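Engineer: Numbering (this note's numbering), first residue to last: 243 to 945. Backbone N, C-alpha and C define an ideal beta-carbon position, used for all residues, glycine too. Remember, it's a predicted structure, so these values are computed and weren't measured experimentally. Before I ask anything, here is the structure I am working with.
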């Protein structure tokens, strides 16, 4: 340091610092105290660029870099501060504390000692220096420093920590090979003690080579724990890491309970790239109570050389949490002050990384759930045909047409042969012709894709149904959600898998058990489950069960229409003879609602125009039953009553007049074998439009 200062002509006393640089440094200290490390670093770098001999700015720059986690940059800044002012106790102290926090205990102790020499009034450094020598394994020197501190403290100053450390060191020294007490006057001096003293003196003058030479002159039987530890520390300072490991290993062989020395050996092994051995040393030292090992392990677990960092951290959350727990325990221990400058910033960065990792993990989990939910929705979601018809009644006739085609073209004339083929195979009868015909009609001839085969017709009709759904904004899931189509599609997929066994049976081969079981399953899916579900849905589409709730729902929906919404309407009056409600008619719900809704609308508008003013508009519905004594057929009679004095005839009703004409409604009634008529009604009613529809009594009649 002093040589470089002379080379560049730097000295604290000869170079003035510009006011602009001082102003930058002042601003930087404010930013540093506020936690704005990036801005503080920028300001301090500008300050030292303007004033290369600005000692205080270099010290502040070292503090900022250390808080940022840049130990190497902090060391360089403190060294430059000492270049500009070798008498700066503050720079020496900062550098010493940095070395102590980064496992360079001997170097750290030397610089803390230099700071204490420059500022003897800083009596609190005696404790820090004693702890440093203790960590370095030099217990006699640590005890000597404790006693110097006790002697230097004012009488009224608290000395509990120094006294406690003195008791600890005094208890440890008898079990530790140490240099013997000074010889009596005239007695011969101990060569080990003299060599250690001379080596330390060389180290104090930053001459590790001479210090090492003093220790190497000792005889093998004089190389105890104290000598080996000091030798290992000197070798580590000199960069001879392999030799340092050897010295520490030899010392630990003599005394395995040296936790700090084991931790130092672990850090040196890590520097050599011996990661497994170094970590094992640090973990063992941590168990023995070495705070240095705890910090080194936390630093090791928190290291990250990957980019992006959050992706690397995502795979090692447990390791990062372990590092955080170690640092938290270290800062809560008795040795917290020694390691606080490095441990606290590292803990803050770990917390930040863990929060970022948790956020990324939560986001990834959310995306995964969304993806799985979307996939499940694609596979299991969607609607069946019944849901489509209920939400869009206008699709009923189209769906009914396609389902009727499936029942007649796919099921009735094709799949029934499966039962005969399965029975023939089970009974051992000749089945070649049946297998051939079944193969051709259901799947198409071998090697051909006949468009009129049942399987291709079914898939074409299924696509037509999906198109109907898409046209109304509904995604149909026929494969899994619809009872009828899912059974049919599964049955035909099963038959596709049995195509080759069917071909072999068609040319006279013996059927296998797999074919017989597959045909039975396909028969059940097609002729029982699929056919039954299709028939039930067709019956539901053709046959409507009418009750009072349905009639009131049609009235309420009609009353909400814009041209009627502002009128004073009384609730719908429903009368029904015993046993007439509910009744079943062969007409789609949408068609029935259109017919009755039009009749109700016509009655409401006629009453509005021709009825008494200032009174609520009232219409009613009466349900009757009618039996034709010649044919025996029963018809449901729905009478839409009103109180309008306007005259209405059947001819007017079936006409296409602008107001009263219901010609389109009459055509719709005729399509379902019904009739429309007009009859007079007893007071308080004036007339009724009579709708008659054939009743459905059983499933066969519905079909």
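Please confirm whether residue 340 and residue 316 have their CB atoms less than 8 Å apart.
Structural biologist: Against the chain shown, residue 340 aligns to sequence position 98. Against the chain shown, residue 316 aligns to sequence position 74. Their beta carbons are under 8 Å apart, which means residue 340 touches residue 316 by this criterion.
Engineer: Whose C-beta lies closer than 7 Å to the C-beta of residue 875 among residues of the same chain, with five residues either side of it excluded?
Structural biologist: Here residue 875 refers to the residue found at position 633 of the chain shown. These residues qualify, in order along the chain: 936.
Engineer: So, does the region 341-350 touch the region 471-489, judging by three or more C-beta pairs under 8 Å?
Structural biologist: yes
Engineer: In three-state DSSP terms, what is residue 307?
Structural biologist: Position 65 of the chain shown, counting from 1, holds the residue named residue 307. In the structure shown, residue 307 sits in a helix (DSSP, three-state: H, G or I).
Engineer: Throw me the rounded Cβ distance for the residue 660 and residue 769 pair, which I believe falls under 8 Å.
Structural biologist: In the chain shown, counting from the first residue as 1, residue 660 sits at position 418. In the chain shown, counting from the first residue as 1, residue 769 sits at position 527. Yes, residue 660 and residue 769 are in contact; Cβ-Cβ is about 7 Å, under 8 Å.
Engineer: Let me know if residue 735 comes out buried or exposed under the rule of 16 or more other beta-carbons within 10 Å of its beta-carbon.
Structural biologist: The residue labelled residue 735 in the question sits at position 493 within the chain shown. Exposed is the call here.
Engineer: Are there 16 or more other CB atoms within 10 angstroms of the CB of residue 541, so buried, or fewer, so exposed?
Structural biologist: As a first step, residue 541 is located in the chain shown; it is residue number 299 there, counting from the start. With 16 or more other Cβ atoms within 10 Å, it is buried.
Engineer: Take residue 673 as the anchor and find which of 722, 757 and 631 has the nearest alpha-carbon.
Structural biologist: Start at 1 with the first residue of the chain shown, and residue 673 comes out as number 431. Ranking 722, 757 and 631 by Cα distance to residue 673 puts 757 first.
Engineer: Return the CA-CA distance between residue 493 and residue 538, expressed in angstroms with no decimal places.
Structural biologist: Here residue 493 refers to the residue found at position 251 when the chain shown is read from its first residue. Here residue 538 refers to the residue found at position 296 when the chain shown is read from its first residue. Approximately 21 Å, taken between the alpha carbons.
Engineer: Can at least three beta-carbon pairs, one atom from the region 742-749 and one from the region 625-632, be found at a separation below 8 Å?
Structural biologist: no
Engineer: Given a threshold of 16 other Cβ atoms within 10 Å of its Cβ, counted over all protein chains shown, does residue 928 qualify as buried or as exposed?
Structural biologist: Here residue 928 refers to the residue found at position 686 when the chain shown is read from its first residue. Buried.
Engineer: With a threshold of 8 Å on Cβ separation, who are the neighbours of residue 738 within its own chain once the five nearest residues in sequence on each side are excluded?
Structural biologist: Locating residue 738 in the chain shown gives position 496, counting from the first residue. The answer, listed in chain order, is 685 and 697.
Engineer: Looking only at DSSP bridge pairs, what is residue 884 linked to?
Structural biologist: Sequence index remark: in the chain shown, residue 884 carries index 642 (1-based). Note: residue 884 sits in a beta bridge opposite 861 and 929.
Engineer: Compute the Euclidean distance between the alpha carbons of residue 403 and residue 334, then round it to the nearest angstrom.
Structural biologist: Position 161 of the chain shown, counted from the start, is the residue given in the question as residue 403. Position 92 of the chain shown, counted from the start, is the residue given in the question as residue 334. Straight-line Cα distance between these residues: approximately 24 Å.
Engineer: Name the DSSP bridge partner or partners of residue 876?
Structural biologist: Here residue 876 corresponds to residue number 634 of the chain shown, with the count starting at 1. Paired residue(s): 869.
Engineer: Enumerate in chain order the residues of its own chain whose CB-to-CB distance from residue 623 is below 7 Å, with the five nearest sequence positions on each side excluded.
Structural biologist: For the purposes of this step, residue 623 is taken as the residue at position 381 of the chain shown. Excluding sequence neighbours, residue 623 sits near 719.
Engineer: Under a three-way DSSP split, which group does residue 361 fall into?
Structural biologist: Walking along the chain shown from the start, residue 361 turns up at place 119. If DSSP states are grouped into helix, strand and coil, residue 361 belongs with coil.
Engineer: Where do the N-terminal and C-terminal ends of the alpha helix (DSSP H) with residue 641 fall, by residue?
Structural biologist: Position 399 of the chain shown, counted from the start, is the residue given in the question as residue 641. Annotation for residue 641: the continuous alpha helix (DSSP H) segment containing it runs 638-647.
Engineer: So the candidates are 781, 787 and 846; which of them puts its Cα closest to the Cα of residue 835?
Structural biologist: Along the chain shown, one-based indexing puts residue 835 at 593. Ranking 781, 787 and 846 by Cα distance to residue 835 puts 787 first.
Engineer: Quick one: Cα of residue 588 to Cα of residue 311, how far?
Structural biologist: Taking the chain shown and counting its residues from 1, one reaches residue 588 at position 346. Taking the chain shown and counting its residues from 1, one reaches residue 311 at position 69. Their Cα atoms are separated by approximately 7 Å.
Engineer: What separation, rounded to the nearest whole angstrom, lies between the Cα atoms of residue 934 and residue 885?
Structural biologist: Locating residue 934 in the chain shown gives position 692, counting from the first residue. Locating residue 885 in the chain shown gives position 643, counting from the first residue. So the two alpha carbons sit approximately 21 Å from each other.
Engineer: Going by DSSP, which residues form a beta bridge with residue 917?
Structural biologist: The sequence position of residue 917 within the chain shown is 675, counting from 1. Beta-bridge pairing links residue 917 to 934.
Engineer: Cutting at 7 Å between CB atoms, please list the residues of its own chain near residue 824, excluding the five before and the five after it.
Structural biologist: Position 582 of the chain shown, counted from the start, is the residue given in the question as residue 824. Contacts found: 787, 788 and 789.
Engineer: Enumerated in chain order, which unbroken segments of the beta strand (DSSP E) with a length of 3 residues or greater are wholly contained in the region 737-771?
Structural biologist: With a minimum length of 3 residues, no continuous beta strand (DSSP E) run stays inside the region 737-771.
Engineer: Can you give me the C-alpha to C-alpha distance between residue 846 and residue 820, rounded to a whole angstrom?
Structural biologist: In the chain shown, residue 846 corresponds to position 604, counting from 1. In the chain shown, residue 820 corresponds to position 578, counting from 1. Roughly 27 Å between the two C-alpha positions.
Engineer: Between the Cα of residue 534 and those of 711, 506, 560 and 909, spot the shortest distance and give me the residue it belongs to.
Structural biologist: Taking the first residue of the chain shown as 1, we reach residue 534 at position 292. Considering only alpha carbons, the answer is 506.
Engineer: With a threshold of 7 Å on Cβ separation, who are the neighbours of residue 365 within its own chain once the five nearest residues in sequence on each side are excluded?
Structural biologist: By 1-based counting over the chain shown, the position of residue 365 is 123. Contacts found: 391, 394 and 395.
Engineer: If you follow the beta strand (DSSP E) that residue 817 is part of, which residue opens it and which one closes it?
Structural biologist: Reading the chain shown from its first residue, position 575 is the one you call residue 817. Here the beta strand (DSSP E) through residue 817 covers 815-818.
Engineer: Within 10 angstroms of the Cβ of residue 529, are there 16 or more other Cβ atoms? Answer buried if so, exposed if not.
Structural biologist: As a position in the chain shown, residue 529 is number 287, starting the count at 1. Residue 529 is exposed by the Cβ-count criterion.
Engineer: Kindly give me the distance between the Cβ atoms of residue 765 and residue 664, rounded to whole angstroms, as I take these residues to be in contact under 8 Å.
Structural biologist: In the chain shown, residue 765 corresponds to position 523, counting from 1. In the chain shown, residue 664 corresponds to position 422, counting from 1. Confirmed, Cβ separation roughly 6 Å.
Engineer: Which whole-angstrom value is the C-beta distance of residue 353 and residue 322, which I expect to be below 8 Å?
Structural biologist: On the chain shown, residue 353 is found 111 positions in, with the first residue counted as 1. On the chain shown, residue 322 is found 80 positions in, with the first residue counted as 1. The pair is not a contact, with the Cβ atoms about 14 Å apart (cut-off 8 Å).
Engineer: Report all residues from its chain with a CB closer than 8 Å to the CB of residue 902; omit the five preceding and five following residues, and keep chain order.
Structural biologist: Start at 1 with the first residue of the chain shown, and residue 902 comes out as number 660. A caution first: residue 902 carries a pLDDT of 49, below 50, which makes its placement in the model too unreliable to give a value.
Engineer: For residue 344, does the count of other Cβ atoms within 10 angstroms reach 16, so buried, or fall short, so exposed?
Structural biologist: What you label residue 344 is simply residue 102 of the chain shown in a count that begins at 1. Its Cβ being crowded by 16 or more others within 10 Å, residue 344 is buried.
Engineer: What are the start and end residues of each continuous beta strand (DSSP E) run of 3 or more residues lying completely inside the region 656-711, in chain order?
Structural biologist: none
Engineer: What first and last residue would you give for the beta strand (DSSP E) that runs through residue 827?
Structural biologist: Residue 827 sits at position 585 when you count from the first residue of the chain shown. Looking at the DSSP string, the run of the beta strand (DSSP E) that includes residue 827 is 825-828.
Engineer: By DSSP, does residue 716 sit in helix, in strand, or in coil?
Structural biologist: The residue given as residue 716 occupies position 474 in the chain shown. Residue 716 falls in the coil class under three-state DSSP.
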